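A quick write-up on the structure given underneath.
In this note's numbering, the protein residues as written are 351 to 824.
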């Protein structure tokens, strides 16, 4: 037996162990199962095949021990090869698409060129139509101008023959006697209108002349009134001086003349407490007129009171100049009247009138009248009026006003919430924060009270609560 024969016989097929057979069989089953699961066939997507066999490679490398490094390097080459194939496919797909675009460019250019020719033809057609329409418009304008220049003489009677004659029936319009009678009526009417035009109507120029004459007369009247006011003013001034000098002469001129002049300017006995004498020496007639108006208001107010027209008297007092009738004396006059059965309380009418006008004077009613007005409104159970006065800021806010409303709320449980809210407004305006907090607490608005306390840096909640305790138990 030769050496070659011995060597040939020495090469034996590999003996596969049972565990290796089971592993290989499991790998085959895994490949078949995964291929069916992903729906791959021989012409199916290659990415799924690559993923399945990569997983098989990983399992084989994990299973073997002797050739693990060799198999790992083979797997790396396999993965690199697969990535190269994928990249080549992507490049081929991109180049194929680019090739299609390049192949389609001549076709698109042809389509665009054809569309441009169509649009140019359409534009030429539209321009031709526009030219024709413009020519027609010009012809119509020319015809209209020629028609306007012509004098079309058409008889009015022939133009409206089909209409009935106004004031005549159809039978009368075809009756000759009725037509003659109607014609005579129209002629008489025409003659009368012609006479009226000559007697009752005047030219428009006449009205313009009368307006100019009226303007001149008004200017003369204004000048005469101004001169009259100046003369009256001088007369009053001379009367004051004459009266004072006459008195000085009666007393044998014992007082120096300079002192007399000073007394004339300082005296108030002749014309009351309105300093009319001082105003006369100031050479200002408007102040004299104002004094006359004030005197008229006082006399008219007293007249209305005597006639029993208390509502008008209240309105008159509210509208008086410089608020000369909005004082305690006027209030006492209304209070002295008392209540009248079946009529509103005169004093309440007075307060309603003056409070409604207080905002127009840009300043509220003074504190004394405010207190009296609140007392009157609450005594008449008119909390709605007091609420309106407070919310519209028509009063002079004071601590006493808030205390009156607060006390009224304590006596009337039903109206207590409204009174507390009004008192809180007044206390806040007066800067009485402790009493405002008390109103909030009594209304149950604890959260708002805490926020109110936090607005004041110099007052801590503990200090505020300590200061509120004496008031709370009142």
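C-beta: ideal position from N, C-alpha, C; glycine also.
Please read these numbers as outputs of a predicted model, since none were measured by experiment.
Residues of its chain near residue i, where Cβ-Cβ distance is below 8 Å and the 5 sequence neighbours each way are ignored
| i | result |
| --- | --- |
| residue 532 | 515, 517, 518 and 522 |
| residue 381 | 402, 403 and 406 |
| residue 672 | 644 |
| residue 418 | 411 |
Alpha-carbon spacing of residue i relative to residue j, whole angstroms
| i | j | result |
| --- | --- | --- |
| residue 579 | residue 570 | 14 Å |
| residue 488 | residue 495 | 11 Å |
| residue 747 | residue 715 | 10 Å |
| residue 774 | residue 700 | 26 Å |
| residue 567 | residue 561 | 10 Å |
| residue 374 | residue 440 | 34 Å |
| residue 564 | residue 545 | 29 Å |
| residue 445 | residue 476 | 46 Å |
| residue 576 | residue 587 | 17 Å |
| residue 669 | residue 718 | 19 Å |
| residue 460 | residue 468 | 13 Å |
| residue 740 | residue 708 | 12 Å |
| residue 525 | residue 554 | 44 Å |
| residue 556 | residue 549 | 14 Å |
| residue 455 | residue 463 | 12 Å |
| residue 458 | residue 438 | 30 Å |
| residue 691 | residue 677 | 26 Å |
| residue 385 | residue 376 | 14 Å |
| residue 764 | residue 649 | 45 Å |
Neighbourhood of residue i by C-beta distance below 6 Å, restricted to the same chain and skipping five residues each side
| i | result |
| --- | --- |
| residue 798 | 790 |
| residue 684 | 696, 697 and 700 |
| residue 770 | 759, 789, 792 and 793 |
| residue 664 | 699, 700 and 703 |
| residue 766 | 759 |
For residue i, three-class secondary structure by DSSP
| i | result |
| --- | --- |
| residue 388 | coil |
| residue 767 | helix |
| residue 416 | coil |
| residue 473 | helix |
| residue 513 | coil |
| residue 564 | helix |
| residue 581 | helix |
| residue 633 | Because the pLDDT of residue 633 is 43, which lies under 50, any placement of that residue in the model is unreliable, and the number read from its coordinates should be weighed accordingly. Coil. |
| residue 732 | coil |
| residue 553 | coil |
| residue 794 | coil |
| residue 524 | coil |
| residue 743 | coil |
| residue 518 | coil |
| residue 500 | coil |
| residue 714 | coil |
| residue 787 | helix |
| residue 405 | helix |
Beta-carbon proximity of residue i to residue j, cut-off 8 Å
| i | j | result |
| --- | --- | --- |
| residue 675 | residue 695 | no |
| residue 772 | residue 737 | yes |
| residue 398 | residue 414 | no |
| residue 646 | residue 666 | no |
| residue 705 | residue 750 | no |
| residue 411 | residue 425 | yes |
| residue 768 | residue 728 | no |
| residue 726 | residue 752 | no |
| residue 755 | residue 724 | yes |
| residue 660 | residue 687 | yes |
The ligand MG heavy atom lying under 7 Å from the CB of residue i
| i | result |
| --- | --- |
| residue 513 | This structure lacks the ligand MG; in fact it carries no ligand of any kind. |
Proximity test, Cβ basis, 8 Å: residue i and chain C
| i | result |
| --- | --- |
| residue 682 | In the structure shown, chain C does not exist; there is a single protein chain. |
Cut-off 7 Å between Cβ atoms - residues of its own chain near residue i, not counting five sequence neighbours on either side
| i | result |
| --- | --- |
| residue 491 | none |
| residue 422 | 411 |
| residue 828 | Coverage of the chain is limited to positions 351 through 824, which leaves residue 828 absent and any answer about it impossible. |
Every unbroken alpha helix (DSSP H) inside the stretch 642-696 [4 residues or more]: Listed in chain order, the complete alpha helix (DSSP H) runs (minimum 4 residues) inside the stretch 642-696 are 660-668 and 678-687.
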